[in-house]
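Be aware that the sequence shown starts at 36, since it is given in the numbering used here, and climbs by one per residue.
Beta carbons are placed, not taken as given, at the ideal position from N, Cα and C, and that holds for glycine.
First comes the structure, then the notes that go with it.
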Amino acid sequence: MHLTDARPHVVIVGGGIAGLAAAFFLRDEPVRVTVLEGSPRPGGKLCVSEIAGVAVDEGAEALLVTRPEGTGLIAELGLGGERVAPGTTSSAIWTLGALHPLPRRQFMGVPADLAELARSGVLTSDGVARASQDLELPATARDGDVAVARYVGARLGAEVVDRLVDPLLGGVYAGRSAELSFDATLPALATASRKYRSLAEAAGSLLPSPAPTRCPDDPGARPAPGGSVFTTLAGGLGTLPEYLARASGAHVRTGAMARELSPAEGGWRLTVGSAAAPEQIDADAVILAVPARPAGRLLAGAPGASAAVAALAEIGYASMAIVTLAYPRSAFPAPGLAALGWSGYLVPAVDGRAVKAVTFSTVKWPHLAGAPESGAAPLEIVRCSVGRIGEEALLQRADDELAALAAAELAAATGVRGGPAATRVTRWGGGLPQYTVGHLDRVARIRAGVAARPGLAVCGAAYDGVGIPACIGTARAAASQVTAFLAARR
Numbered sequence: 036m037h038l039t040d041a042r043p044h045v046v047i048v049g050g051g052i053a054g055l056a057a058a059f060f061l062r063d064e065p066v067r068v069t070v071l072e073g074s075p076r077p078g079g080k081l082c083v084s085e086i087a088g089v090a091v092d093e094g095a096e097a098l099l100v101t102r103p104e105g106t107g108l109i110a111e112l113g114l115g116g117e118r119v120a121p122g123t124t125s126s127a128i129w130t131l132g133a134l135h136p137l138p139r140r141q142f143m144g145v146p147a148d149l150a151e152l153a154r155s156g157v158l159t160s161d162g163v164a165r166a167s168q169d170l171e172l173p174a175t176a177r178d179g180d181v182a183v184a185r186y187v188g189a190r191l192g193a194e195v196v197d198r199l200v201d202p203l204l205g206g207v208y209a210g211r212s213a214e215l216s217f218d219a220t221l222p223a224l225a226t227a228s229r230k231y232r233s234l235a236e237a238a239g240s241l242l243p244s245p246a247p248t249r250c251p252d253d254p255g256a257r258p259a260p261g262g263s264v265f266t267t268l269a270g271g272l273g274t275l276p277e278y279l280a281r282a283s284g285a286h287v288r289t290g291a292m293a294r295e296l297s298p299a300e301g302g303w304r305l306t307v308g309s310a311a312a313p314e315q316i317d318a319d320a321v322i323l324a325v326p327a328r329p330a331g332r333l334l335a336g337a338p339g340a341s342a343a344v345a346a347l348a349e350i351g352y353a354s355m356a357i358v359t360l361a362y363p364r365s366a367f368p369a370p371g372l373a374a375l376g377w378s379g380y381l382v383p384a385v386d387g388r389a390v391k392a393v394t395f396s397t398v399k400w401p402h403l404a405g406a407p408e409s410g411a412a413p414l415e416i417v418r419c420s421v422g423r424i425g426e427e428a429l430l431q432r433a434d435d436e437l438a439a440l441a442a443a444e445l446a447a448a449t450g451v452r453g454g455p456a457a458t459r460v461t462r463w464g465g466g467l468p469q470y471t472v473g474h475l476d477r478v479a480r481i482r483a484g485v486a487a488r489p490g491l492a493v494c495g496a497a498y499d500g501v502g503i504p505a506c507i508g509t510a511r512a513a514a515s516q517v518t519a520f521l522a523a524r525r
């Protein structure tokens, strides 16, 4: 602690959205805050840069309105006037040789209207017939947590899993429904399924009437009255970290990799930097806002945290890449992308393609298209998500190969002619935690182990959800936890 500053020192390890939000929530407390970020820039998976002269997000590009943590933070920052609503959130599934509308009456791919499912063309006739058996089958027993595919498949059949549920979950987690936890990834549906014999009826109980169309990254949320379930910032969500860092008043250090955490008199000591030139930083409290494995390595130095360390080691991560392509609007067959009425489409893994989801960015976010009076040739900007868990070999291809592969698959789906005018490949290695079966139990063990070490807290995407609002929620909880600890100590 600096001799001239007697305020308690809180160190936050990790300068992504969770770490910066935690720093912001501590801004009015009688503490000084240091954020240690190992990479050259803060922000984590929130980043924006230009492609073809247009500022487009490289990572997350939307947040849910229906969870108040994200929009609440934006309001606290005074950025409410910068919020932008999407032009459309309807989406499609590219399967069985064509683009088909994603059924409106569905909850994360679980259909609530089987007649509409049949009309959509997403399933074969055999798949529709099998799904209809859900209405007649006896209740499916479930003892504890199970994989999404196991339970949904038992009720509605493999085609619903492969062509609807798996693509939607893949869009969120880059994971596979055969491994993902039903209780952790679809908690509302898991709860409702215990009240209804039919899973379709359980899904219907969670949908408003009339139901909204779901987006590739929509985890089944209901829309706000009179509006969309999504929003973004006019300059991109990648601008949010800069606002947060500035408003927090924290000392944000980049290129500062925390390597060790150990108890020290009155608190904790962090070792930062290389082994050749280590730096030691003392803290009264520490918030770990890093992925599970780095958090586990740091907690290994905290006596009594072995159970939390073991549970953190069980959380795997998927890598993926975002390939952003810019085309002249005239390259798309008339009457153009906007006429399709979709913000993008999903691709089932069972169809064997590299791209798992596509967002028509200039259709979903019309402000990206620019003003007609600008005189510039109009562009269509498309974001392609590449890579699922287990597809690391695909992601080892060079940037130009990935861009060419994404462009070829986009052409097959939409008929776009010629190559893109500009490309950008953004890689997110180990970017998405996998909420596999037993995830909720793992999180409980982590939090119990951390709570047993006063002055420590954790937050981030590894715990209660991978979306921005969920990360912000964990950040607020972590900030409250260390604030309560410091107040009790005083």
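query, result
"Answer yes or no: do Pro-77 and Leu-55 have a C-beta to C-beta separation smaller than 8 Å?", "yes"
"DSSP puts Gln-32 in a beta bridge; with which residues?", "Nothing in the structure corresponds to residue 32, since the chain is present only between 36 and 525."
"Would you mind sorting His-286 into buried or exposed? The rule is 16 or more other CB atoms within 10 Å of its CB.", "exposed"
"Of all the options Gly-51, Lys-399, Arg-62, Ser-160, which has the alpha carbon lying nearest to the alpha carbon of Glu-72?", "Gly-51"
"Is the segment 436–451 touching the segment 351–366, taking contact as three or more C-beta pairs under 8 Å?", "yes"
"Let me confirm a value: Arg-154 is counted as buried when at least 16 other C-beta atoms fall within 10 Å, else exposed. Which label applies?", "exposed"
"Locate the alpha helix (DSSP H) running through Tyr-208, then write down its first and last residues.", "201–208"
"Expressed to the nearest angstrom, what Euclidean distance is found between the alpha-carbon atoms of Cys-250 and Ser-84?", "Note that Cys-250 scores a pLDDT of 41, beneath 50, so its modelled location is shaky and nothing firm can be said."
"Which residues share a DSSP beta bridge with Pro-362?", "Reading the sequence as shown, one finds Tyr at residue 362 and not Pro. Its beta-bridge partners are Glu-415."
"From the DSSP secondary-structure annotation, give me the bridge partner or partners of Asp-92.", "Val-83"
"Determine the closest residue to Ile-424 out of Tyr-278, Glu-214, Asp-148, Gln-516, with distance taken between C-alpha atoms.", "Glu-214"
"To the nearest whole angstrom, what separates the beta carbons of Leu-414 and Asp-218, a pair I think is in contact under 8 Å?", "Not really, about 43 Å apart at Cβ, beyond 8 Å."
"Consult DSSP for Lys-399 and reduce its assignment to one of helix, strand or coil.", "helix"
"Where does Phe-520 sit, in a helix, a strand or coil, going by DSSP?", "helix"
"When every heavy atom of the ligand FMN is checked, does at least one fall within less than 7 Å of the C-beta of Gly-290?", "In terms of ligand content, the structure shown is empty, and the ligand FMN therefore cannot be addressed."
"Write down the C-beta distance between Val-119 and His-402 rounded to the nearest angstrom, noting that I regard them as a contact closer than 8 Å.", "6 Å"
"Ignore the nearest five residues each way along the sequence and tell me which others in Cys-82's own chain have a CB closer than 6 Å to its CB.", "Glu-93, Gly-94, Gly-273"
"Determine the extent of the beta strand (DSSP E) in which Val-68 is found, giving its start and end residues.", "67–72"
"So, is Ala-519 buried or exposed, given that buried needs 16 or more other C-beta atoms within 10 angstroms?", "exposed"
"Using alpha carbons as the reference points, say which of Leu-275, Ile-357, Asp-180, Pro-326 lies closest to Gly-113.", "Leu-275"
"For Thr-103, which of helix, strand or coil comes out of DSSP?", "According to the sequence displayed, residue 103 carries Pro and not Thr. Helix, per DSSP."
"Is the separation between the beta-carbon of Ala-428 and that of Tyr-208 shorter than 8 Å?", "no"
"Decide if Arg-525 is buried, meaning its Cβ has at least 16 other Cβ atoms within 10 Å, or exposed.", "exposed"
"Please state the DSSP three-state secondary structure of Ala-479.", "helix"
"Ignore the nearest five residues each way along the sequence and tell me which others in Ala-57's own chain have a CB closer than 7 Å to its CB.", "Ile-47, Ile-322, Ala-324, Cys-494, Ala-510, Ala-513, Ala-514"
"Under the three-state reduction of DSSP, which class applies to Pro-338: helix, strand or coil?", "coil"
"I need the boundaries of the alpha helix (DSSP H) containing Gly-162, first residue and last residue.", "160–167"
"My output table needs one value for Ile-503: the three-state DSSP class, helix, strand or coil.", "helix"
"Look at Gly-379 and Thr-394 and say whether their C-beta atoms are less than 8 Å apart.", "yes"
"Look up Thr-274 in the DSSP assignment and say whether it is helix, strand or coil.", "helix"
"State the DSSP-derived secondary structure class of Thr-509, mapped to helix, strand or coil.", "helix"
"Looking only at its own chain, which residues have a Cβ that is under 7 Å from the Cβ of Glu-171, when we skip the five neighbours before and after it?", "none"
"Could you pull out every residue in the same chain whose Cβ sits closer than 7 Å to the Cβ of Ala-373, ignoring the five residues on either side in sequence?", "Val-398"
"Answer yes or no: does any C-beta atom of chain B fall closer than 8 Å to that of Pro-77?", "Structure shown: chain B not included; a single protein chain is present."
"When the distance is taken between beta carbons, is Arg-488 closer than 8 Å to Gly-336?", "no"
"Under three-state DSSP, which class holds Thr-267?", "strand"
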